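Have a look at the structure below, then the notes.
2 protein chains.
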Amino acid sequence: MTRPESDRLVMKFGGTSMGDLERIRRAARIVAAEAASGKKIAVVVSAMAGKTNELVAWTDGAGRPGQGIELSDDEYDVVVASGEQVTSGLLALTLRNMGLNARSWMGWQIPILTDDAHGRARIEDVPGEVLGAALDKGEIAVVPGFQGVTRDGRITTLGRGGSDTSAVAVAAALGCSCDIYTDVDGVYTTDPRIESRARRLEKVSYEEMLEMASLGAKVLQTRSVELAMAKQVPVRVLSSFIEPDENGVLPAKSGTLICDEEEIVEKRIVSGVTMSRDEARITLLGLSDRVEAPADVFTRLAEANVNVDMIVQSQARTEGAVNLTFTTGRRDAPRAAELMRAAQAQIGFEELRVDEDVAKVSVVGVGMRSHAGVAQTMFRALADKGVKFQAISTSEIKISVLIDAAYAELAVRALHSAYGLEAV
Amino acid sequence: MTRPESDRLVMKFGGTSMGDLERIRRAARIVAAEAASGKKIAVVVSAMAGKTNELVAWTDGAGRPGQGIELSDDEYDVVVASGEQVTSGLLALTLRNMGLNARSWMGWQIPILTDDAHGRARIEDVPGEVLGAALDKGEIAVVPGFQGVTRDGRITTLGRGGSDTSAVAVAAALGCSCDIYTDVDGVYTTDPRIESRARRLEKVSYEEMLEMASLGAKVLQTRSVELAMAKQVPVRVLSSFIEPDENGVLPAKSGTLICDEEEIVEKRIVSGVTMSRDEARITLLGLSDRVEAPADVFTRLAEANVNVDMIVQSQARTEGAVNLTFTTGRRDAPRAAELMRAAQAQIGFEELRVDEDVAKVSVVGVGMRSHAGVAQTMFRALADKGVKFQAISTSEIKISVLIDAAYAELAVRALHSAYGLEAV
Numbered sequence: 001m002t003r004p005e006s007d008r009l010v011m012k013f014g015g016t017s018m019g020d021l022e023r024i025r026r027a028a029r030i031v032a033a034e035a036a037s038g039k040k041i042a043v044v045v046s047a048m049a050g051k052t053n054e055l056v057a058w059t060d061g062a063g064r065p066g067q068g069i070e071l072s073d074d075e076y077d078v079v080v081a082s083g084e085q086v087t088s089g090l091l092a093l094t095l096r097n098m099g100l101n102a103r104s105w106m107g108w109q110i111p112i113l114t115d116d117a118h119g120r121a122r123i124e125d126v127p128g129e130v131l132g133a134a135l136d137k138g139e140i141a142v143v144p145g146f147q148g149v150t151r152d153g154r155i156t157t158l159g160r161g162g163s164d165t166s167a168v169a170v171a172a173a174l175g176c177s178c179d180i181y182t183d184v185d186g187v188y189t190t191d192p193r194i195e196s197r198a199r200r201l202e203k204v205s206y207e208e209m210l211e212m213a214s215l216g217a218k219v220l221q222t223r224s225v226e227l228a229m230a231k232q233v234p235v236r237v238l239s240s241f242i243e244p245d246e247n248g249v250l251p252a253k254s255g256t257l258i259c260d261e262e263e264i265v266e267k268r269i270v271s272g273v274t275m276s277r278d279e280a281r282i283t284l285l286g287l288s289d290r291v292e293a294p295a296d297v298f299t300r301l302a303e304a305n306v307n308v309d310m311i312v313q314s315q316a317r318t319e320g321a322v323n324l325t326f327t328t329g330r331r332d333a334p335r336a337a338e339l340m341r342a343a344q345a346q347i348g349f350e351e352l353r354v355d356e357d358v359a360k361v362s363v364v365g366v367g368m369r370s371h372a373g374v375a376q377t378m379f380r381a382l383a384d385k386g387v388k389f390q391a392i393s394t395s396e397i398k399i400s401v402l403i404d405a406a407y408a409e410l411a412v413r414a415l416h417s418a419y420g421l422e423a424v
Numbered sequence: 001m002t003r004p005e006s007d008r009l010v011m012k013f014g015g016t017s018m019g020d021l022e023r024i025r026r027a028a029r030i031v032a033a034e035a036a037s038g039k040k041i042a043v044v045v046s047a048m049a050g051k052t053n054e055l056v057a058w059t060d061g062a063g064r065p066g067q068g069i070e071l072s073d074d075e076y077d078v079v080v081a082s083g084e085q086v087t088s089g090l091l092a093l094t095l096r097n098m099g100l101n102a103r104s105w106m107g108w109q110i111p112i113l114t115d116d117a118h119g120r121a122r123i124e125d126v127p128g129e130v131l132g133a134a135l136d137k138g139e140i141a142v143v144p145g146f147q148g149v150t151r152d153g154r155i156t157t158l159g160r161g162g163s164d165t166s167a168v169a170v171a172a173a174l175g176c177s178c179d180i181y182t183d184v185d186g187v188y189t190t191d192p193r194i195e196s197r198a199r200r201l202e203k204v205s206y207e208e209m210l211e212m213a214s215l216g217a218k219v220l221q222t223r224s225v226e227l228a229m230a231k232q233v234p235v236r237v238l239s240s241f242i243e244p245d246e247n248g249v250l251p252a253k254s255g256t257l258i259c260d261e262e263e264i265v266e267k268r269i270v271s272g273v274t275m276s277r278d279e280a281r282i283t284l285l286g287l288s289d290r291v292e293a294p295a296d297v298f299t300r301l302a303e304a305n306v307n308v309d310m311i312v313q314s315q316a317r318t319e320g321a322v323n324l325t326f327t328t329g330r331r332d333a334p335r336a337a338e339l340m341r342a343a344q345a346q347i348g349f350e351e352l353r354v355d356e357d358v359a360k361v362s363v364v365g366v367g368m369r370s371h372a373g374v375a376q377t378m379f380r381a382l383a384d385k386g387v388k389f390q391a392i393s394t395s396e397i398k399i400s401v402l403i404d405a406a407y408a409e410l411a412v413r414a415l416h417s418a419y420g421l422e423a424v
């Protein structure tokens, strides 16, 4: 499905692009250039870089209770949402000062309706009428990202990185595409700081981007990609370090377009290699080989909202026992370990080990669906470099391996080369 | 008219009392003590001290146009109103952390309806139903001061010092009195930094407070006193540097009660002496003695929104000419002088002088209405100290004189003593 080209456009600027008045002016010049080219524009902005952290620290200090977070997160949202309110007003002022017609629209004014899961709310609906009417009368609408409002009128925030999701939701409401200006100039085959031969992808499918985002490529927040896929919003990731020329015209858009798989003519087997250090490996040694034992372990973790990614079970040295290994997010690991230790007697295991010195390396590509041999290439490339893997997980379009962290960069470079990503 | 004692109470804390998390906790302890005594409470808060200045500076930098301020002040309000949003959320969190039931109510949630004069909006209506219902179900309502919302849903701010006005408006809506916690412990007969024998007034009438506020006593914003008088809201000014005792009980309330004249049993002729350095004196020498000339001058000033306070006309040395002296606020003086110079030919005067080295010293008291000799005492006291006055203005309850700034403190002390204020 390709949607007809719209004369509307959503532009999103992150915290770095809103970091101070000079950067806000730079963003405003980019907006002005798009407006001059005839686009009707809504701009979604993050808070000034660092500001959200300051506000969150204040709420922590004011006594956001450790246990009863739920209780207080409505007021947390009141405090933290103010950061984007400030930048949206400042950008509107800056645009006006350049002679443009602009105004800010708070989440409660549009409204950006969310559920009431304060601190990590999900957008439920964004009516496009009010913003659409503003755009149609020639106004540039400036919308604070990250914030919304419940149906009974309380301020909410969407959780970290939520501004990308706001931008996609506004684009869906306006029936147009979304340009995300950020401090990188697109999505790469892998992290260029690890592999200098990494190449920018011109296009990447929603599915691939979703895997890359959740596997550690930090360009876009996972939920924003999910929403873009669900609503078929074309998203372009672009560098904010550009300037219109002397005639106020922007350079031709490069960056990376995130779009439907069907719109990508040149199909690749593997589009990218990702690496994440946000994992921890927990091993229960000498776990009872009762069939209920693993279920007991994972039920306890699920009830405590600990997400488990990879799972490996192997034979233990002790007769009638197994070793159970699983991975969690690194932040959840201490809590998961605590849960296991507290229930050691009930679960029945001999020893617990936590290893944070691990990395998850993944290859992602929609071409895997129709090509055999992808896993084989991966395992051979790793074996050639002497990299052992401790666990594997796969989906239709990705293969991930857990390895010793010391080998992470080596593995990324080996895989990048094995799939010929620098040459495509 | 004395209103029946209400079980509701509005408490207001200024920017110093909200300056950091420790001060917010102190304010919360005072609120908790009032709640424990059985009061149903709404708290009105200012932004953290210094925060509003930072936000205003950002809007200036973003290009709040010098000439076209009107055009942009809606976005100025979006930015600047965020300061109180932050403190109201933080105070609500702090109160919850102490086990109290509290929530914040933004101006648009209550709503605090204002006109659309952005940056200096006037409150038009505060429906008491929503807040009243919250209080009646045992919730402490935390309300950001200084902010409101227009009838078409845009954020407004009330201008500097507007949080006092917010507090009085909320108290009027809730039908109760208003305690204003500040960094002074009440209203004094004069500025204690000038006259150490200044005495705190236990009660002062709305009319007197209004004169004192507009004459330079900076305890309360003038508009908050006007509103309190119009709505008959008793306002108490109190020190925020108090602590509940070990049983959570506050010390007996002292401070100053601002109330109806009829509730003040002990009538004084003069209640206070004020001094202001915010004046400038402008003299047009050799002004044509055409009868239209002064009208021409004051019409031009009025059309430029320059308020004129005192006016003195005297004979000039030149035949057929007069000297016209008037005072304006110091901030307006350069603009007023510019206006006069630009129209020198049309108005017809020889020379313009601006003198900012002046002070206005005033005595205020409702007792003047029924007592003769107040002015006489003033002039004799000044004459005894060799203080000449350059202009006089009077109202029913005050007499002001403009003097050389060098004599200001001397004059204040002389008048404070002449009316026996330290001895009452």
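Line by line, the protein sequences give chains A and B. Here the first sequence is numbered in full-length UniProt numbering, starting from 1 and rising by one per residue. Here the second sequence is numbered in full-length UniProt numbering, starting from 1 and rising by one per residue. From the three backbone atoms N, C-alpha and C, an ideal C-beta is built for every residue, glycine too. No experiment lies behind these values; they were computed from the predicted model shown.
Member of B/C259, B/S205, B/M368, B/T222 whose CA lies at the smallest distance from the CA of B/V233: Measuring from the Cα of B/V233, the nearest candidate turns out to be B/C259.
Min CB distance B/I24 to chain A below 8 angstroms: Closer than 8 angstroms to some Cβ of chain A, the Cβ of B/I24 qualifies, so yes.
Identity of the residue in B/S288, B/H118, B/A198 nearest B/G162 by Cα: With distances taken between CA atoms, B/G162 lies nearest to B/H118 out of B/S288, B/H118, B/A198.
Nonlocal neighbours in the same chain, by C-beta distance under 7 angstroms from A/S88, ignoring five residues either side: Counting only Cβ-Cβ distances below 7 angstroms, and skipping sequence neighbours, we find V45, S104, V142, V143, P144.
CB contact check: A/R413 to chain B, cutoff 8 angstroms: No, because no Cβ of chain B sits closer than 8 angstroms to the Cβ of A/R413.
Minimum Cβ-Cβ distance from A/E70 to chain B less than 8 angstroms: Any reading at A/E70 must be qualified, since the residue scores a pLDDT of 46, below 50, and its modelled position is unreliable; the value itself is stated next. No, A/E70 does not count as interfacial toward chain B.
A/F13 in three-state terms, based on DSSP: The answer is strand: DSSP assigns A/F13 an E or B state.
Nearest-angstrom Cα separation, counted from B/A213 out to A/R122: It is roughly 49 angstroms from the alpha-carbon of A/R122 to the alpha-carbon of B/A213.
DSSP-derived helix/strand/coil call for A/N101: Of the three classes helix, strand and coil, the one that applies to A/N101 here is coil, per DSSP.
Within the UniProt domain "ACT" (282–366) of chain A, ranges of the beta strand (DSSP E) (whole runs, at least 3 residues): DSSP runs (the beta strand (DSSP E)) wholly in the UniProt domain "ACT" (282–366) of chain A: 308–315, 321–329, 351–355, 358–364.
CB contact flag (A/L131, A/E124, <8 angstroms): No.
Interface partners of B/S82 on chain A, CB under 7 angstroms: S82, Q85, V86, listed in chain order.
Exposed unless 16 or more other CB atoms sit within 10 angstroms - verdict on A/P294: So A/P294 ends up on the buried side.
B/R200 (DSSP reduced to helix, strand or coil): Taken through DSSP and simplified to helix, strand or coil, B/R200 comes out as strand.
Every unbroken beta strand (DSSP E) inside the region 232–268 of chain B [3 residues or more]: List check, beta strand (DSSP E) in window: 235–239, 256–259.
Chain A contacts made by the region 240–264 of chain B, where a contact means CB separation under 9 angstroms: Taking a C-beta cut-off of 9 angstroms against chain A, none of the residues of the region 240–264 of chain B qualify.
Limits of the beta strand (DSSP E) - the one that A/M275 falls within: Note, A/M275: beta strand (DSSP E), 272–276.
Limits of the alpha helix (DSSP H) - the one that B/D152 falls within: Where B/D152 is concerned, there is no enclosing alpha helix (DSSP H), given that its DSSP letter is neither H nor E.
Terminal residues of the alpha helix (DSSP H) in which B/Q376 lies: Taken as a continuous stretch (DSSP letters only), the alpha helix (DSSP H) holding B/Q376 covers 374–384.
Where B/T156 falls, given that 16 or more other Cβ within 10 Å makes a residue buried: With 16 or more other Cβ atoms within 10 Å, it is buried.
Rounded separation between B/S6 and B/M275 - CA only: The alpha-carbon atoms of B/S6 and B/M275 are separated by roughly 36 angstroms.
A/L250 beta carbon less than 8 angstroms from that of A/A92: The criterion of a C-beta distance shorter than 8 angstroms is not satisfied by A/A92 and A/L250.
Cβ contact check for the region 7–25 of chain B and the region 166–182 of chain B: 3 or more pairs under 8 angstroms: Yes: at least three Cβ pairs fall under 8 angstroms.
Boundaries of the alpha helix (DSSP H) in which B/L410 is found, first to last residue: Run containing B/L410: 408–418, per the alpha helix (DSSP H) assignment.
B/A92 at chain A interface by Cβ criterion, 8 angstroms: Answer yes: the Cβ-Cβ gap between B/A92 and chain A drops below 8 angstroms somewhere.
Reference A/G248, options A/I399, A/M310, A/R25, A/S37, closest by Cα: The option with the nearest alpha carbon to A/G248 is A/S37.
Own chain partners of B/A336 with C-beta closer than 7 angstroms, once the 5 adjacent residues on each side are dropped: Short of 7 angstroms from the beta carbon of B/A336, and not among the five residues preceding or following it, lie these beta carbons of its own chain, in chain order: I282, L301, V306, T328.
Beta-carbon gap between B/A381 and B/L415 smaller than 8 angstroms: It is a contact, given that the beta carbons lie within the stated cut-off.
Neighbour flag for A/S104 against chain B, beta carbons, 8 angstroms: Closer than 8 angstroms to some Cβ of chain B, the Cβ of A/S104 qualifies, so yes.
For B/A28 and B/D384, the rounded distance between their alpha carbons: For B/D384 and B/A28, the distance between alpha carbons rounds to 51 angstroms.
Chain B contact residues for A/T59, given Cβ-Cβ distances below 8 angstroms: The contacting residues are G89, L90, L93.
Spatial distance of B/A333 from B/L158 (CA atoms): Computed Cα separation, rounded: 24 angstroms.
Residue interval of the alpha helix (DSSP H) (run including A/I123): No alpha helix (DSSP H) holds A/I123; the beta strand (DSSP E) holding it covers 123–125.
Cα-Cα separation, A/K253 to A/P192: Roughly 21 angstroms separates the two Cα atoms.
Minimum Cβ-Cβ distance from B/N101 to chain A less than 8 angstroms: Interface criterion not met: the Cβ of B/N101 is under 8 angstroms from no Cβ in chain A.
Test item: CB-CB of B/I63 and A/T94 under 8 angstroms: The question names Ile, but residue 63 of chain B in the sequence shown is Gly. Yes, the Cβ-Cβ distance between B/G63 and A/T94 is below 8 angstroms.
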